[in-house]
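J.: Before I ask anything, here is the structure I am working with.
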Amino acid sequence: MKQKKLLYAGKAKTVYRTDTKGKLIVEFRDDITAFDGGKKDVLKNKGSYNAEVSAFVFRYLEENGVKTHFVKMLDPRHMVVNELSMIPLEVIVRNIAAGSIVRNYPFKEGSKLNPPVIVIDYKDDSRHDPMLNDDLIVALKLATPQELRKIKKMALEVNALLARLLAAQGITLVDFKIEFGRKGKTICLGDEISMDSMRLWDKKTGESLDKDVYRFNKGDVMAIYNTVATRITRSKKKR
Ligand code: 5GP
């Protein structure tokens, strides 16, 4: 497969067309950003750690009946995916109160959210990803009510599967963000699932194992990404 014209360059990934219709290549770069791009760095190998975890998680979800855009890895930082028509929603599932939900609402950090809370933001950096509700999503024609029901159902399935996978490695899935797209009429999981898009805490020590380490200068970001990638992908043998 040959990489062709650049389609889209985001903050940490670049998407290319290929010589095969309907297939794209996603390049996971070493760029890391936080606070709407207010903090930026390039950290060696970060792209490959996130790509490795994303590929592993997409394969695991597919094996468990969740439709994703994942096709295969070309090398440690290039992923082949099926082209989706992306829906500009950031679907966040929260199992434990942390991050913006604690800043914006009277939740105590670390308190359990049972059942999990789904928050959906409008993916638009220029508007700082404002939170949506069902009526706004439908009024803005971002998704039909039927699609929205499907998206929420899939988000909760992903949550249950991921939480189980991570728990087996001693990791608590605090929350995560996923994105969806359409392939014809089918809703599929797109984008990535990595240390950049999940909030993970070590079950024993409570230590952050995700981008919060970078956001809040909590330690050696790449050493932690490396360890977490190994811990997550090791669960392969146990499944
Ligand atoms: P919070 O709203 O607490 O900042 O984020 C909730 C969860 O969604 C965290 O796991 C965070 O990493 C993820 N998340 C929220 N917004 C974004 C985003 O724009 N990009 C990425 N990669 N993850 C996000």
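Here the sequence shown is numbered in the numbering used here, starting from 53 and rising by one per residue. Even for Gly, the Cβ is constructed at its ideal location relative to N, Cα and C.
#1: For ARG129, does the three-state DSSP call read helix, strand or coil?
#2: What is the residue span of the beta strand (DSSP E) that LYS237 lies within?
#3: Hey, would you say the C-beta of LYS304 is under 6 Å away from at least one heavy atom of the ligand 5GP?
#4: Is it the case that the CB of ARG251 approaches a heavy atom of the ligand 5GP more closely than 6 Å?
#5: Determine the extent of the beta strand (DSSP E) in which ASN166 is found, giving its start and end residues.
#6: Have a look at GLN198, ILE170, HIS180 and flag the residue whose alpha-carbon is nearest the alpha-carbon of VAL210.
#7: Give the range of the alpha helix (DSSP H) segment to which TYR266 is assigned.
#8: Taking the CB atoms as reference points, tell me whether ARG69 and LYS57 lie closer together than 7 Å.
#9: Please determine whether the Cβ atom of ASP298 lies at a distance below 6 Å from any heavy atom of the ligand 5GP.
#10: On the three-pair Cβ rule with 8 Å, is the stretch 94–104 touching the stretch 270–290?
#11: Let me know if ASN147 comes out buried or exposed under the rule of 16 or more other beta-carbons within 10 Å of its beta-carbon.
#12: Taking buried to mean at least 16 other C-beta atoms within 10 Å of its own C-beta, is LEU188 buried or exposed?
#13: So if DSSP puts MET274 in a beta bridge, which residue, or which two residues, is it bridged to?
#14: Measuring straight from C-alpha to C-alpha, what distance separates LEU252 and GLY236?
#15: Any heavy atom of the ligand 5GP inside 6 Å of the beta-carbon of SER152?
#16: Restricting to Cα atoms, I'd like to know which of PRO158, PRO140, PRO197 is closest to LYS229.
#17: Contact check, ASP186 vs LEU200 under 8 Å by CB: the rounded distance?
#18: Is the separation between the beta-carbon of GLU114 and that of GLY74 shorter than 7 Å?
#19: When the distance is taken between beta carbons, is GLY99 closer than 7 Å to ASP82?
#20: For the ligand 5GP, is there a heavy atom less than 6 Å away from the beta-carbon of ASP93?
#21: Pick helix, strand or coil for VAL154, following the three-state DSSP scheme.
#22: With H, G and I counted as helix, E and B as strand and the rest as coil, what does DSSP make of GLU142?
#23: Suppose you measure from the CA of ALA275 to the CA of LYS263; what does that come to, to the nearest Å?
#24: Would you kindly report the start and end of the unbroken alpha helix (DSSP H) that includes LEU218?
#25: When the Cα of GLU244 is compared with those of PHE159, PRO158, GLY233, which residue comes out closest?
T.: The short version:
#1: Translated into the one-based positions of the sequence shown, residue 129 becomes position 77. Three-state result, ARG129: coil.
#2: Position 185 of the sequence shown, counted from the first residue, corresponds to residue 237. Where LYS237 is concerned, there is no enclosing beta strand (DSSP E), given that its DSSP letter is neither H nor E.
#3: For residue 304 there is no data in the structure shown, the boundaries of the chain being 53 and 291.
#4: Taking the first residue of the sequence shown as 1, we reach residue 251 at position 199. ARG251 Cβ: within cutoff of the ligand 5GP.
#5: For the purposes of this step, residue 166 is taken as residue 114 along the sequence shown, with counting starting at 1. ASN166 -> beta strand (DSSP E) spans 164–174.
#6: Numbered from 1 along the sequence shown, position 158 holds the residue referred to as residue 210. When GLN198, ILE170, HIS180 are compared, the shortest CA-CA separation from VAL210 is found for ILE170.
#7: Locating residue 266 in the sequence shown gives position 214, where the first residue counts as 1. 264–267 is the span of the alpha helix (DSSP H), which, as asked, contains TYR266.
#8: Residue 69 sits at position 17 when you count from the first residue of the sequence shown. Residue 57 sits at position 5 when you count from the first residue of the sequence shown. Contact flag set, yes.
#9: The structure shown does not extend to residue 298, since the chain spans only 53 to 291, so no value can be given for it.
#10: yes
#11: Taking the sequence shown and counting its residues from 1, one reaches residue 147 at position 95. ASN147 should be labelled buried.
#12: In the sequence shown, residue 188 corresponds to position 136, counting from 1. Burial call: exposed.
#13: Taking the sequence shown and counting its residues from 1, the one referred to as residue 274 is at position 222. MET274 is not bridged to any residue.
#14: Counting from 1 along the sequence shown, the entry for residue 252 is found at position 200. Counting from 1 along the sequence shown, the entry for residue 236 is found at position 184. Approximately 33 Å between the Cα atoms of the pair.
#15: If you number the sequence shown from 1, residue 152 lands on position 100. The answer is yes for SER152.
#16: Start at 1 with the first residue of the sequence shown, and residue 229 comes out as number 177. Checking every option, the nearest Cα to that of LYS229 belongs to PRO140.
#17: As a working mapping, residue 186 is identified with position 134 in the sequence shown. As a working mapping, residue 200 is identified with position 148 in the sequence shown. Indeed, because the Cβ distance is near 6 Å, the residues count as touching under 8 Å.
#18: Residue numbering aside, residue 114 sits at position 62 when the sequence shown is read from its first letter. Residue numbering aside, residue 74 sits at position 22 when the sequence shown is read from its first letter. Cβ atoms of GLU114 and GLY74: not closer than 7 Å.
#19: Position 30 of the sequence shown, counting from 1, holds the residue named residue 82. Position 47 of the sequence shown, counting from 1, holds the residue named residue 99. Yes, they are a contact pair.
#20: Stepping through the sequence shown from its first residue, residue 93 is reached at position 41. Incorrect: ASP93 has no Cβ contact closer than 6 Å to the ligand 5GP.
#21: Taking the sequence shown and counting its residues from 1, the one referred to as residue 154 is at position 102. Note: VAL154 maps to helix in three-state DSSP.
#22: Counting from one through the sequence shown, the residue named residue 142 turns up at place 90. It is a strand residue.
#23: By 1-based counting over the sequence shown, the position of residue 275 is 223. By 1-based counting over the sequence shown, the position of residue 263 is 211. ALA275 and LYS263: Cα-Cα distance of roughly 12 Å.
#24: Taking the sequence shown and counting its residues from 1, the one referred to as residue 218 is at position 166. Residues 197–219.
#25: If you number the sequence shown from 1, residue 244 lands on position 192. The candidate whose alpha carbon is nearest that of GLU244 is GLY233.
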